[in-house]
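Written out below as structure tokens is the structure these notes cover.
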Amino acid sequence: MPELPEVETIARGLAKRVTGDIIESVWLGQKKEPLKSPANEIATTLDHSRIVTVRRMGKHIVLDLERDSKVARAVMPASRRSGKSTPAKSVSTSLDNAFHPAPADKSVRATSAQWIVHLGMTGRLQVCDPNDEVARHTHAIAKLASGRELRFVDPRRFGRLSVATSAEFDATGIEPLEIEADRFVELFHGRKTPIKSALLNQKLLRGVGNIYADESLFRAGIRPRRRASSIKREQLRRLSLEVKEVLKEAIALGGSSVSDYVNADGEEGFFQLEHRVYGREGEPCLVCKTPIKRVVIAGRSSHYCPQCQK
Ligand SMILES: [Zn+2]
16 MPELPEVETI ARGLAKRVTG DIIESVWLGQ KKEPLKSPAN EIATTLDHSR
66 IVTVRRMGKH IVLDLERDSK VARAVMPASR RSGKSTPAKS VSTSLDNAFH
116 PAPADKSVRA TSAQWIVHLG MTGRLQVCDP NDEVARHTHA IAKLASGREL
166 RFVDPRRFGR LSVATSAEFD ATGIEPLEIE ADRFVELFHG RKTPIKSALL
216 NQKLLRGVGN IYADESLFRA GIRPRRRASS IKREQLRRLS LEVKEVLKEA
266 IALGGSSVSD YVNADGEEGF FQLEHRVYGR EGEPCLVCKT PIKRVVIAGR
316 SSHYCPQCQK
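Each residue of the sequence shown is one higher than the last, beginning at 16 in my numbering.
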């Protein structure tokens, strides 16, 4: 599952490629799971919107959209401007003719909205040439004015597409790259749960997943099973710095390519080569040579050095 550094890498790659482009039409597949907002709402929101920015919030990719009369005029063919409105959701599974045409009369006021993508386990956003073969498990295709297509592909269908129109999207939790050490201590020191579980709790920090929780705890010298409330404030303060450091290093290396993660350009990340404990069960600790242990906490594998972490 992509975590914060992988999602950040993907969002940056997408930002480079689609910022400023205009979504001309949208095709949505038949599968219900990937659509968190109603299909017609997604289609209406995306149609003829300009992609203003692409950014990460927690593990979400947020595309800020803007619609205004200028955009609508620039991309809307005359035949559609006066035409009757058409149903937003396609009933066809075929890609021909299945693109949602523009709603007839939405071209007056400038409005902003957001398209929110959560990649789940196996979700991918791909910028493709229209002639590229449409991959199996493609759930959405946005045709862009530049002639390319932005496609959402997700074999396991844990990923989610949604739109925010009336209020700005707000992910739960605090950005781990922005949180101040004092706030971090305040957030964690009263918790009775294992520190590992608390780090994974998206209502506290957003975007920290299994890999980066294990790596941060190793660097901070804290065992994953330690109750958060038993950890001294000074150690929590150090942990907050290590979380940031690990995430920044991982972003710099394009994330960790475990399983089949690749970025928006189809390239792998390299932070997996820097993992000190994650996925290293039985291998010698890089600091003290003690074999790395693996335990399961709240259903998730946790890796740690029994010597270096207390
Ligand atoms: Zn060690």
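A virtual CB, placed ideally from N, CA and C, is assigned to each residue, including glycine.
Along the chain, where does the beta strand (DSSP E) that runs through residue i open and close?
| i | result |
| --- | --- |
| K308 | 308-312 |
| S316 | 315-319 |
| V67 | 64-72 |
Thinking residue i and residue j are a contact (beta carbons under 8 Å), I'd like their distance in whole angstroms, please.
| i | j | result |
| --- | --- | --- |
| T24 | I66 | 18 Å between Cβ atoms; not a contact. |
| I131 | A179 | 6 Å |
| E21 | Y276 | 5 Å |
| H154 | P49 | 4 Å |
| D79 | S40 | With 8 Å as the limit, D79 and S40 do not qualify as a contact, their Cβ atoms being about 19 Å apart. |
| K211 | L192 | 20 Å between Cβ atoms; not a contact. |
| S244 | G205 | 6 Å |
| I307 | H318 | 6 Å |
| K74 | R309 | At roughly 24 Å, the Cβ-Cβ gap does not stay under 8 Å, so K74 and R309 are not in contact. |
| A265 | F286 | 4 Å |
| A160 | I37 | 4 Å |
| A279 | G28 | 3 Å |
From which residue to which residue does the alpha helix (DSSP H) around residue i run?
| i | result |
| --- | --- |
| V169 | Per the sequence shown, the amino acid found at residue 169 is Asp instead of Val. First-last for D169: undefined, no H or E at that position. |
| R248 | 248-267 |
| R234 | 225-235 |
| L215 | 210-215 |
| E298 | No alpha helix (DSSP H) holds E298; DSSP gives it neither H nor E. |
| A58 | 54-61 |
Based on the DSSP secondary-structure assignment, which residues constitute the bridge partners of residue i?
| i | result |
| --- | --- |
| T126 | R82 |
| E164 | C143, K158 |
| L220 | I189 |
| R242 | P209 |
| I76 | R71, V132 |
| T153 | V168 |
| D25 | For the sequence presented, residue 25 should be read as Ile rather than Asp. Per DSSP, none; premise fails for I25. |
Where does residue i fall in DSSP's three states?
| i | result |
| --- | --- |
| V33 | helix |
| Q141 | strand |
| T305 | coil |
| Q324 | coil |
| P49 | coil |
| L43 | strand |
| E18 | coil |
| K121 | With a pLDDT of only 45 at K121, under 50, the local geometry of the prediction cannot be trusted, and no value is derived from it. |
So is residue i in contact with chain C if we call contact Cβ pairs under 9 Å?
| i | result |
| --- | --- |
| E81 | No chain C appears in this structure, which consists of one protein chain only. |
At which residue ranges does the region 170-195 contain complete beta strand (DSSP E) runs of 3 or more residues, listed in the order of the chain?
-> Whole beta strand (DSSP E) segments, 3+ residues: 175-179.
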